[in-house]
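Asks:
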Amino acid sequence: MQINTPTVPMIDLSRAQESSSHTSTFARDVAEGLSTKYKTLPSRYFYDGTGSRLFQQIMDLTEYYLTRSELEVLTQNKESMATQFSQGGSFHLIDLGAGDALKTKLLLQELTTQQRSFDYVPVDISKDAMLELSESLQQELPQLKVEAVVGEYFQALEWLQENKDGRKVVLFLGSNIGNFEAAESITFLQSIRSYLHAGDQLLMGVDLRKDPGIILNAYNDEAGITAAFNLNLLHRINRELGADFNVDQFCHHAIYNPQEGVMRSFLVSKQAQDVHISEAGLTVHFDAWEAIHTENSYKYSIPQVEGLGRQCGFAVDTVFYDKQKGFADVLFSVA
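When you line the sequence shown up against full-length UniProt numbering, it's residues 1 to 335, in that order.
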């Protein structure tokens, strides 16, 4: 007799888009970015199928320390984190940008071992990712209470505020805060704070300032995987927006500014050229060696993190480090 495993509840808050609607938004964002004096492309468009596969390869690179460092932080400190999460009683564990929850599963297993009272709410814009995660959790932690949410971060927090009472512990792992400009990071964290109350907590991953050479190598590996990841964005524009980028005539360039503590990535045109983007109704001229800015990754000091938290209504409870003190997961409480 076959027993059917119960499916994980899933709330889909995403505004279901027809292909044409997605194309229109993509075309608008590309047109806006390439029409400015200093050209830009939004990094969120890195992650099509090919981009996601390339990023998985990046995470396995020797040079790319970030994922390994945070896994070390969580592995070494999961017992303490689980205990601190649970001090206020039962809670909802909200995982913003959950993806495959590789790192979060360390916490889920520890919380389950400690028999803590909680439920898990993974949030991701990708429905496929949430379906895959839900399936894996049914196999690995069948007793875990899970309710996956498909949607943007703040859609999910608003839904939780309206539909789930009780304490919230929010996870924002992976040093994703570093992809925001300074003003954007403040706005983002203030927005998260607006959905939280006394007793709620936020665990945020932060890549710390360190030897500039180590940082630069992480975003400019010898194998060229990071370059391929960045250049794939041009392939995607060609495929989805009917553009004619000659991708071979662009190169990836990464620089680290230790004064600002920011890693910046660019795609640089090797020659003067015109690019036609059919879906955007646009022709873009590039001078020789003109650059497109594609991504920032800010690195923080702990005093900067503490100040950012205070400015956004949080107080630092505990800073959890890796052995090299090059990466931290910072536990904030609502101030």
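All C-beta atoms in this analysis are idealised placements derived from N, C-alpha and C, irrespective of residue type, glycine included.
By Cβ distance below 7 Å, which residues in the same chain neighbour D244 in space, the five residues on each side in sequence not counted?
Replies: Counting only Cβ-Cβ distances below 7 Å, and skipping sequence neighbours, we find N238, V275, H276.
Asks: One question on the structure: do A98 and L41 come within less than 9 Å of each other, judged by their Cβ atoms?
Replies: No, Cβ-Cβ distance for A98 and L41 is not below 9 Å.
Asks: Give the range of the beta strand (DSSP E) segment to which D124 is assigned.
Replies: Here the beta strand (DSSP E) through D124 covers 118-124.
Asks: Does the distance from the CB of D221 to the CB of E63 come in under 9 Å?
Replies: Yes, they are a contact pair.
Asks: What are the partner residues of N296, as DSSP defines its beta bridges?
Replies: Looking at the DSSP assignment, N296 forms a beta bridge with R264.
Asks: Report the rounded CA-to-CA distance for E18 versus T25, giving the unit in angstroms.
Replies: For E18, the predicted model reports a pLDDT of 47, less than 50, meaning its position is unreliable; a value from the coordinates is still stated below. Roughly 11 Å between the two C-alpha positions.
Asks: Going by DSSP in three states, H197 sits in which element: helix, strand or coil?
Replies: Three-state DSSP puts H197 in coil, outside helix and strand.
Asks: Fully enclosed by the segment 139-188, which alpha helix (DSSP H) runs are 4 residues long or longer?
Replies: Counting only runs of 4 or more, we get 153-163.
Asks: Which residues bound the beta strand (DSSP E) around L54?
Replies: No beta strand (DSSP E) holds L54; the alpha helix (DSSP H) holding it covers 49-59.
Asks: Who are the Cβ neighbours of N4 in its own chain at under 7 Å, not counting the five residues just before and after it?
Replies: The predicted position of N4 is uncertain, since its pLDDT is 45 and thus under 50; no value can be drawn from it.
Asks: Roughly how many angstroms lie between the CA atoms of G89 and Q57, to the nearest whole one?
Replies: About 39 Å.
Asks: Rounded to whole angstroms, how far is the Cβ of K299 from the Cβ of I215, which I believe are closer than 8 Å?
Replies: Indeed, because the Cβ distance is near 6 Å, the residues count as touching under 8 Å.
Asks: Taking DSSP as the reference, what is the three-state secondary structure of Y38?
Replies: Residue state, collapsed to three classes: coil.
Asks: Using the Cβ count rule (16 or more neighbours within 10 Å means buried), how would you classify E140?
Replies: When all chains shown are included, E140 counts as exposed.
Asks: Strictly by DSSP, which residues pair up with G269?
Replies: Checking the sequence, you will find Ser at residue 269 rather than Gly. For S269, which the question treats as bridged, DSSP gives the partners F250.
Asks: Leaving out five residues on either side along the sequence, give the residues of the same chain with a beta carbon under 6 Å from the beta carbon of A16.
Replies: Only weak support is given to the placement of A16: the predicted model assigns it a pLDDT of 48, under 50, and the question is left unresolved by the model.
Asks: I need the DSSP call for F314, collapsed to helix, strand or coil.
Replies: In this structure, F314 counts as strand in the three-state DSSP scheme.
Asks: Looking only at its chain, what residues have a beta carbon closer than 6 Å to the beta carbon of Y256, apart from the 5 residues adjacent to it on each side?
Replies: Closer than 6 Å at Cβ, skipping near neighbours: P212, I215, L216, M263.
Asks: From A227 to Q115, what distance separates their C-alpha atoms?
Replies: Cα to Cα, A227 sits roughly 45 Å from Q115.
Asks: Skipping 5 residues on each side, what residues in its chain have a beta carbon closer than 6 Å to that of Q2?
Replies: Residue placement at Q2 is flagged as unreliable, the pLDDT there being 42, under the threshold of 50; the coordinate-derived value follows with that caveat. Cβ neighbours of Q2 beyond the five flanking positions: none.
Asks: Going by beta carbon distance, what residues of the same chain come within less than 7 Å of L144, once the five residues before and after it are set aside?
Replies: So the qualifying residues of the chain are L108, T112, Y120, L137.
Asks: List the DSSP bridge partners of I277.
Replies: According to DSSP, which records beta bridges pairwise, I277 is partnered with A243, L282.
Asks: Check whether the Cβ atoms of F332 and F314 lie closer than 9 Å to each other.
Replies: Yes, Cβ-Cβ distance for F332 and F314 is below 9 Å.
Asks: When DSSP builds the beta bridges, which residues end up paired with V206?
Replies: DSSP lists A328 as partners of V206.
Asks: Terminal residues of the continuous alpha helix (DSSP H) containing S85?
Replies: The identity of residue 85 in the sequence shown is Phe, whereas the question assumes Ser. Run containing F85: 66-85, per the alpha helix (DSSP H) assignment.
Asks: Excluding five sequence neighbours on each side, which residues of the same chain lie with their C-beta closer than 7 Å to the C-beta of Q271?
Replies: These residues qualify, in order along the chain: Q249, A288.
Asks: Pop quiz: D200 and S175 are said to be a contact at Cβ under 8 Å. What is the actual Cβ separation, rounded to whole angstroms?
Replies: Incorrect: roughly 22 Å between the Cβ atoms, too far for contact.
Asks: Measuring CA to CA, which of I225, R68, P258, Q311 is closest to I186?
Replies: Of the listed residues, the one whose Cα sits closest to I186 is Q311.
Asks: Cβ of N296 within 9 Å of Cβ of N179?
Replies: A contact, by the Cβ cut-off of 9 Å.
Asks: What are the partner residues of D12, as DSSP defines its beta bridges?
Replies: V150.
Asks: Near I11, which residues of its chain fall below 6 Å by C-beta distance, leaving aside the five closest residues on each side in sequence?
Replies: Counting only Cβ-Cβ distances below 6 Å, and skipping sequence neighbours, we find V149.
Asks: From the DSSP output, read off the bridge partner residues of F320.
Replies: F320 pairs with D329.
Asks: Since R123 and G151 are thought to touch, with beta carbons under 8 Å apart, how far apart are those beta carbons, to the nearest angstrom?
Replies: Note that residue 123 is Val in the sequence shown, not Arg. Sure, about 7 Å apart at Cβ, within 8 Å.
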